Ligand code: ADP
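In this note's numbering, the protein residues as written are 5 to 402.
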């Protein structure tokens with residue numbers, strides 16, 4: 005069955021068409037600047053040429069129409085008609101406490117997702133627009149919602165509650181939810197396969213280190229803690245997000261800089277993280293690594309602070325699970341940044357971890373990068389959220 009996987013943002017839309025039997029990608033692409041001047045479709049059929057078409061896309065329905073045209077085009081298409089697309093899988097950012105698993109999309113489900121909008125005001129409305137556009141254009145095709153938060157719904161109360169008045173949980177569901185769940189689930193399952201061990205027997209820590217970054221603790225097949233919270237702002241230092249800070253800093257800076265809460269939130273989301281810490285040098289770890297290697301203070305300070313925070317979370321989650329069998333790195337930096345991986349692992353001598361430098365230098369494959377006698381296994385597992393969404397979709401529509 006061909007599954008169309010859609011990841012819809014406020015002005016962008018990423019898609020992949022995946023053959024569920026072979027698990028190969030038949031075509032993929034991206035619509036950018038939807039609703040903005042200069043919108044374009046980037047389309048790459050498997051084995052074919054990548055094309056970029058600049059064309060107006062006033063809204064998401066127009067964007068999806070173009071995607072469906074490209075997929076069925078006589079010359080560059082990969083299916084003859086839309087009937088060959090068996091189902092659509094939608095990435096949805098926030099499922100609140102309502103969704104602990106993927107679900108078939110119905111009118112009731114759409115309403116329940118809408119009720120989660122205020123928990124993710126930037127993301128969920130865009131996801132819903134993508135669903136509405138697909139339903140309009142493919143009314144007979146079954147659709148599945150796959151939630152970033154669902155995998156973390158197994159966290160126990162002591163991991164998800166904040167030390168705030170309980171009434172805010174009761175009234176507004178203020179609690180920790182966690183994100184990147186599809187990736188944490190995919191990577192932890194893959195790690196068990198690579199190690200040839202039973203998923204339910206393992207204590208796994210997954211470090212998803214991309215522009216957004218989070219760590220999760222997966223014990224006996226269930227997520228028991230994760231570093232992101234009510235929103236993706238909590239936890240690690242990220243590309244431009246601060247991660248954990250003393251909440252009193254918000255008031256302190258608002259007074260000092262004469263800024264509103266909204267202004268400060270913008271600083272915490274868009275101007276902080278490694279970008280802010282490096283004094284504006286870059287949010288891209290390749291630039292920061294170069295700066296570090298040149299012996300510049302900005303690169304050294306930033307990479308040391310970033311790595312230290314990841315290592316602290318690994319320590320915390322080792323304690324939370326009373327041990328750890330495997331630590332996995334994934335996403336842009338986790339998969340490619342061998343230098344930062346080494347910096348993080350230098351803190352982990354107490355776990356008996358030793359890294360195999362040759363294995364750590366490899367890229368693009370599932371690989372154990374710790375030595376054979378390392379006390380805890382360390383792996384690099386390239387994440388594949390689209391494939392995970394396609395698998396969830398097939399499982400529900402079959
Ligand atoms: P997201 O999906 O959250 O936008 P990605 O998972 O694509 O992010 O990760 C982007 C990050 O990966 C960037 O900070 C980039 O610097 C980092 N990255 C990509 N390639 C490398 C590399 N070769 N070495 C170090 N970091 C890398």
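We put the CB at the ideal spot given by N, CA and C, even for glycine. Keep in mind that this is a model prediction, so the values were computed, not measured.
A distance of 8 Å or more separates the beta carbons of residue 152 and residue 113.
Only residues of its own chain outside the window of five on either side were considered, and among them 307, 311 have a CB closer than 7 Å to the CB of residue 347, listed in chain order. Taking a contact to require three or more Cβ pairs closer than 8 Å, the region 147 to 162 and the region 387 to 401 qualify as touching. In the DSSP assignment, residue 267 falls outside any beta strand (DSSP E) and within the unbroken alpha helix (DSSP H) covering 265 to 274.
Residues of the same chain with a CB within less than 8 Å of the CB of residue 277, apart from the 5 flanking positions on each side, are 241, 242, 243, 244, 245, 246, 247, 287 in chain order. Rounded to whole angstroms, residue 180 and residue 186 show a C-alpha spacing of 17 Å. Residue 293 has its CB nearer than 7 Å to a heavy atom of the ligand ADP.
Three or more beta-carbon pairs separated by less than 8 Å link the region 20 to 31 to the region 81 to 92, which places the two stretches in contact. Below 8 Å, enough C-beta pairs join the region 332 to 344 and the region 287 to 305 to call them touching: three or more.
Straight-line measurement puts the Cα of residue 212 at about 22 Å from the Cα of residue 375. Within 10 angstroms of the beta-carbon of residue 205 lie fewer than 16 other beta-carbons, which makes it exposed.
Classified as exposed, residue 264 has fewer than 16 neighbouring CB atoms from the shown chains inside 10 Å of its CB.
Within the DSSP bridge table, the entry for residue 21 names 8, 31 as partners. Counting C-beta pairs closer than 8 Å gives three or more between the region 217 to 230 and the region 314 to 327, which meets the contact rule. Residue 213 carries a strand assignment under DSSP once its states are collapsed to helix, strand and coil. Within the same chain, 154, 157 come within 6 Å of residue 104 by CB-CB distance, once the 5 residues on both sides are set aside. The C-beta of residue 259 has fewer than 16 other C-beta atoms within 10 Å across all chains shown, which makes the residue exposed. CA-CA distance, residue 386 to residue 262, rounds to 44 Å. Secondary structure at residue 221: strand, using DSSP grouped into helix, strand and coil. Per DSSP, residue 115 lies in no beta strand (DSSP E); the unbroken alpha helix (DSSP H) holding it starts and ends at 111 to 119.
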